[in-house]
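Read left to right, the sequence shown gives residues 9 to 196 (the numbering used here).
Where a beta carbon is used, it is the ideal one built from N, C-alpha and C, also for glycine.
Since the structure comes first, as structure tokens, the remarks are kept for the end.
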Amino acid sequence: MNILIAAVGGQGAVLASKVLGKLAQNIGKDVKVSEVHGMSQRGGSVVAHVKFGDKIYSPVVERGSADIVLAFELLEGARYVDYLKEDGILISNTQKINPMPVIIGAVDYPEDITQKMAEKNINTKFVNAMDLAKESGNIKTVNTVLIGLLAKNSPISKDEWVKAIKETVPERFLDVNLKAFEMGYNLN
Numbered sequence: 009m010n011i012l013i014a015a016v017g018g019q020g021a022v023l024a025s026k027v028l029g030k031l032a033q034n035i036g037k038d039v040k041v042s043e044v045h046g047m048s049q050r051g052g053s054v055v056a057h058v059k060f061g062d063k064i065y066s067p068v069v070e071r072g073s074a075d076i077v078l079a080f081e082l083l084e085g086a087r088y089v090d091y092l093k094e095d096g097i098l099i100s101n102t103q104k105i106n107p108m109p110v111i112i113g114a115v116d117y118p119e120d121i122t123q124k125m126a127e128k129n130i131n132t133k134f135v136n137a138m139d140l141a142k143e144s145g146n147i148k149t150v151n152t153v154l155i156g157l158l159a160k161n162s163p164i165s166k167d168e169w170v171k172a173i174k175e176t177v178p179e180r181f182l183d184v185n186l187k188a189f190e191m192g193y194n195l196n
């Protein structure tokens, strides 16, 4: 399975990649994880590549080979949609975080991103993960809400996902993350 995680710094992409890596290990798969942080501390893009299977040789998900693009922010999802393979799925948060060119007024945030992606004839699942994260008790659980939706759309048992979260998320944040996971998992 090839998964590309696209986010903005501070949204929890690194933790999400660790959960996916632990999941793959737990089910006996070879796994490779690669993270690109860039200017993440200043609100820039963060991309994590997670690949697992019987034998994985490269940690990088190539364009056109991702089973899933998991986007924590709408524009980040649009930037990486071409990484999906033909029958891949884009799972994206609908939250919009203005990148620096928008903040300084050089450009406008693109309009109708979801419609433009739908026109590409790809499988998409859009969710307001921020609202669900707030409802779970912590806005920093957007990543775990999206992991829940990813889990629902994967062939791997829910119990394995929960086990990976329990083994990865720090104890003091575990309950709220498990609640957020359930909210994402229970989406249609």
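Buried versus exposed call for residue i [16 or more other C-beta atoms within 10 Å across all chains shown]
i: Q103; result: buried
i: P178; result: exposed
i: S144; result: buried
i: S100; result: buried
i: A126; result: exposed
i: V89; result: buried
i: G113; result: exposed
i: G29; result: buried
i: P175; result: Here residue 175 turns out to be Glu, not Pro, going by the sequence shown. Exposed: under 16 other Cβ atoms inside 10 Å.
i: V153; result: buried
i: G85; result: buried
i: K128; result: exposed
Nearest to residue i (by Cα), restricted to the options the options
i: D197; options: I164, K148, N196; result: Residue coverage of the chain in this structure runs from 9 to 196, which leaves residue 197 outside it and unanswerable.
i: I111; options: P67, G29, G52; result: G52
i: D139; options: A79, L78, G192; result: G192
i: N185; options: K30, G17, K160, A24; result: A24
i: V54; options: A141, E81, I173, I130; result: E81
i: N161; options: L78, E84, Y117; result: L78
i: A132; options: I105, Y117, L98, A141; result: The sequence shown places Thr at residue 132, rather than the Ala named in the question. Of I105, Y117, L98, A141, the residue nearest in Cα terms is L98.
i: N34; options: K171, K187, N196; result: K171
i: V58; options: G36, G72, V27; result: V27
i: G36; options: N146, L195, F60; result: F60
i: K40; options: V68, G72, I76, N196; result: V68
i: L158; options: N194, R71, Y65; result: N194
i: E43; options: A141, A56, N146; result: A56
Neighbourhood of residue i by C-beta distance below 6 Å, restricted to the same chain and skipping five residues each side
i: V115; result: P109
i: G20; result: N151
Cβ neighbours of residue i in the same chain (closer than 7 Å, five flanking residues each side left out)
i: K63; result: D38
i: A74; result: N10, I11, L12, Y91, L92, K93, G96
i: R87; result: A14
heavy atom of the ligand SAM below 7 Å from residue i C-beta
i: V55; result: Judged by which ligands are present, the structure shown has none, so any question about the ligand SAM falls away.
Cβ neighbours of residue i in the same chain (closer than 8 Å, five flanking residues each side left out)
i: E190; result: G156
i: L83; result: K104, I105, P107, Y117, P118, I121
i: I173; result: V27, T152, I155, L182, N185, L186, F189
- Query: Hey, which unbroken runs of the beta strand (DSSP E) at 3 residues or more fall wholly within the region 12-61?
  - Reply: 38-44, 53-61
- Task: Quick one: which unbroken alpha helix (DSSP H) runs of 4-plus residues sit fully inside the region 66-107? Chain order, please.
- Result: 82-88
- Using 8 Å as the threshold, is the region 161-170 in touch with the region 121-129, meaning 3 or more CB pairs across them? no
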